[in-house]
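Notes follow the structure.
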Amino acid sequence: MQSTSHAFKQNAHRALHDPMLQKAMGHVRSGFIDKRVQAAARLPEFDQLRDQAKAIKDHTLAHLDHYLERYEAKVLEMGGKVHWCATAEEAREAVLSICRSLDARTVTKGKSMLSEEIALNEHLEANGIEPVETDLGEYIIQLRKEPPSHIIAPAVHVNKEQVEADFRRVHKNLPPERSLSEAAQLVDEARQVLRQRYLEADVGITGANFLIAETGTSVIVTNEGNGDLTQTLPKAHIVVASLEKVVPTLEDCATILRVLARSATGQEFSSYTTFSTGPRRPEDPDGPEEYHVILLDNGRSSMLGTEFQDMLRCIRCGACMNHCPVYHAVGGHSYGWVYPGPMGAVLTPSLIGVEEAGHLPNASTFCGRCEAVCPMRIPLPKMMRHWREREFEQHQAPAKARLAIEAWAFVAKRPRLYRWATSLLIGALGRAGRRRGRFRELPLAGGWTAHRDFPAPSGRSFQARWAEQQRRGRASR
Amino acid sequence: MSSRKAILGAIRHSLGRQRGDGAEQAVEARLRTHDRNLVPQRGCLEGEALLSLFSSQAERIDATVERVATDAEVPEAVAEYLKRNNLPPRVRMAPHPDIQALPWAEKAPLLEVAEGRADPQDLVSVTPAFAAVAETGTLVLHSGPQTPTTLNFLPENHVVVVRASQVVGAYEEVWDRLRAANPAALPRTVNMITGPSRTGDIEQRLELGAHGPRRLHIVLIAEEGDS
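So the protein sequences, as listed, match chains A and B. Residues in the first sequence are numbered consecutively from 21, following this note's numbering. Residues in the second sequence are numbered consecutively from 482, following this note's numbering.
Given below as structure tokens:
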């Protein structure tokens, strides 16, 4: 997928002035947050399970080479194939060559962010193979030729009326007088249309929420059942998975599953959790004859052993973006690539470079809600700070900002100078703003005062007041 | 250099892997013992309490549960269910001995019964379950010659026959039973099914019946005092 992350500011500006988007984003605020709180409250062990889930992934990442080898051996033993791919390009080619070997014309797909990451649909289309997205949200954005704006609710930016218009535009063979004003009618229509596509498809492609080393199994978690029809009906099932999806055992998978749906949609468990091991067995009456796993690195192995390793614990639940004030305001498309919100702000620079995506870790208020709700306890704000530091070190911040930060650092590192300078500045501001209590305009702070007043300080610094209080405390004792 | 070698090499380099650092043995041991992590208290129940937790959890997520006392009551329960929902008296059944052994002809003579994998036209399927998990009202089914996976997803109505002895508290108990029943390898597909198909993709409002079954009906065979 072509990134527009470098244009975050323009993207965000446009988003803030898009009334349809702003209306749709209201559903994020109301749809996810309360449900997660209730689901967590119903399970007294929820926080302990989060600790264990984190520990499972930490252990797995520390032994990733061995777990991947064990996983691969088991897949092969079960009659499946593993295609190791270092880059997005290799992964696209691997999928294409499997499709070609089966003379595939259409491919059905379950929702997969990795497939977006490697721009798989575009590649298949360019080579004469039609990809059909079957998750309702993915289907809607495929019709709209848009990227997803949320990792678990890819069409969260679209309103019902827009879906109706898209269905009328594309489903031309259905009677134009049909009613599509209710969500249920839209769901029904998609069900009908896609049912035919499942039956025609030659290959089914799904992502994976987990790969289990013990059994050589891939796991998908869905609510619609589209992933199951996608992987059961065609001749071949291709799984696209990145290498950090591996977990050791079924037991470990169960522990993480207990925090996944609760954090994502506030469900206790998603409707369908499906474990796939190899192709159909000779005696099976249905199921795919071939089973392929595309095992993709695409930059992840170089995150190991760095300050960004913790990001590889991410299970893509979307809780961080559901709770992010910046995401709520600007929507997922503003982030300009596959992964939006706080997890995207950390992961995107790792995968496509901080030169392209440096704005994302800066688009945070550091309110800390993302880290507070992350089931895998990923320190997202800390990692955004690491990216800001790297950006600074690599001289990518604008010259004016660099100068200001360097000047501040110079002063801040010298306590006496700092106290003297701040008391001077605060004293002056306090005197100047005493009458109105705020400033309409302030030199060097035009970016702030263009949109709001700057409150006048009291005239004395916190440190000065603290020191005085300590003195008074001692005197009165 | 193959991508496999390059990727594994990059991982080993990043992790600072040393020969003889014990990592391989640690992995070996973990896979062999597959120890349980924390199992929530919720599912640690027995007898009637376990069955009623399973039922109430399944109903919370829009499945319907009907309890019968004996095998002989199942065919009638299924026929009645079809009638209640205005469905034609026709089902596609899993070719599984537990389902075949039920007295269909005797107790539900008007019901037309076909066997095998699902056809796109089938409206109702009847399948057994491998297990049921009380903690979230989850059914566990798996593929095999007697249990085609298409039956779980293609028809709009899915009727699952569960025995009280199949109901367990937590997922971990299912893993033990799966390993015991399939020592060589897991079946091709293991489905954990928790309620009927649903979507929230249009304005985050819940709609049932997105692609899989619109209705999930569970017939639980449990005599009084059975567990």
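The beta carbon of each residue, even a glycine, is placed where N, CA and C say it ideally should be.
If you drop the 5 nearest sequence neighbours on each side, which residues of the same chain put their C-beta closer than 6 Å to that of residue 72 of chain A?
275
List the residues of chain B that residue 180 of chain A touches, going by C-beta distances under 8 Å, in chain order.
683 and 684
Is DSSP giving residue 334 of chain A helix, strand or coil here?
coil
Flag residue 317 of chain A as yes if its beta-carbon sits less than 8 Å from any beta-carbon of chain B, otherwise no.
Yes, residue 317 of chain A counts as interfacial toward chain B.
Can you name, in chain order, every residue of its own chain whose Cβ lies under 6 Å from the Cβ of residue 106 of chain A, other than the five neighbours on each side?
Listed in chain order, the non-local C-beta contacts of residue 106 of chain A below 6 Å within the same chain comprise 317, local neighbours out to five positions each way being set aside.
Select from A:152, A:388, A:448 and A:99 the residue whose C-alpha is nearest the C-alpha of residue 218 of chain A.
A:152
From which residue to which residue does the alpha helix (DSSP H) around residue 421 of chain A run?
419 to 432
Can you tell me whether residue 33 of chain A is buried or exposed? The criterion is at least 16 other CB atoms within 10 Å of its CB, across all chains shown.
exposed
Decide if residue 486 of chain A is buried, meaning its Cβ has at least 16 other Cβ atoms within 10 Å, or exposed.
exposed
Quick one: what's residue 129 of chain A bridged to in DSSP?
A:153 and A:225
On the three-state DSSP scale, how would you describe residue 573 of chain B?
strand
On the premise that residue 703 of chain B lies in contact with residue 532 of chain B, defined as a C-beta separation below 8 Å, what is that separation, rounded to the nearest angstrom?
6 Å
May I ask you to list the residues that DSSP assigns as paired with residue 104 of chain A?
A:315
Is the segment 472 to 480 of chain A touching the segment 449 to 461 of chain A, taking contact as three or more C-beta pairs under 8 Å?
yes
Return the bridge partner residues of residue 625 of chain B from the DSSP annotation.
B:628
Under the DSSP definition of a beta bridge, which residues are partnered with residue 266 of chain A?
Bridge partners of residue 266 of chain A: A:231.
Exposed or buried, residue 40 of chain A, counting other C-beta atoms within 10 Å across all chains shown (16 or more means buried)?
exposed
Taking residue 340 of chain A and residue 374 of chain A to be in contact with their CB atoms under 8 Å, please state how far apart those CB atoms are, rounded to whole angstroms.
Not a contact, Cβ separation roughly 19 Å.
What's the C-alpha gap between residue 220 of chain A and residue 254 of chain A?
Inter-residue distance for residue 220 of chain A and residue 254 of chain A is about 8 Å (C-alpha atoms, whole angstroms).
Assuming residue 319 of chain A contacts residue 669 of chain B under a Cβ cut-off of 8 Å, what Cβ separation, rounded to an integer in Å, is found between them?
That belief does not hold up - the Cβ atoms of residue 319 of chain A and residue 669 of chain B are roughly 32 Å apart, past 8 Å.
Return the residue from the list A:238, A:245, A:290 and A:286 that minimises the CA-CA distance to residue 265 of chain A.
A:238
Have a look at residue 203 of chain A and residue 44 of chain A and give me their C-alpha separation to the nearest angstrom.
The straight-line gap from Cα to Cα measures roughly 14 Å.
Going by alpha carbons, who is nearest to residue 672 of chain B out of B:661, B:682 and B:612?
B:612
Select from the segment 603 to 616 of chain B all residues with a C-beta closer than 9 Å to any C-beta belonging to chain A, and list them in chain order.
Against chain A - using a Cβ distance shorter than 9 Å - the residues of the segment 603 to 616 of chain B are 614 and 616.
Report yes or no: is there a C-beta of chain A within less than 8 Å of the C-beta of residue 502 of chain B?
no
Quick one, which residues of the segment 490 to 516 of chain B are near chain A if we go by CB-CB under 7 Å, in chain order?
491, 492, 493, 495, 496, 497, 498, 504, 505, 507, 508, 511, 512, 515 and 516
Where are the alpha helix (DSSP H) runs, 4 residues long or more, that stay fully inside the segment 36 to 77 of chain A, in chain order?
Within the segment 36 to 77 of chain A, the complete alpha helix (DSSP H) runs of at least 4 residues are 39 to 62.
Out of B:634, B:521, B:589 and B:547, state which residue places its alpha-carbon closest to the alpha-carbon of residue 651 of chain B.
B:521
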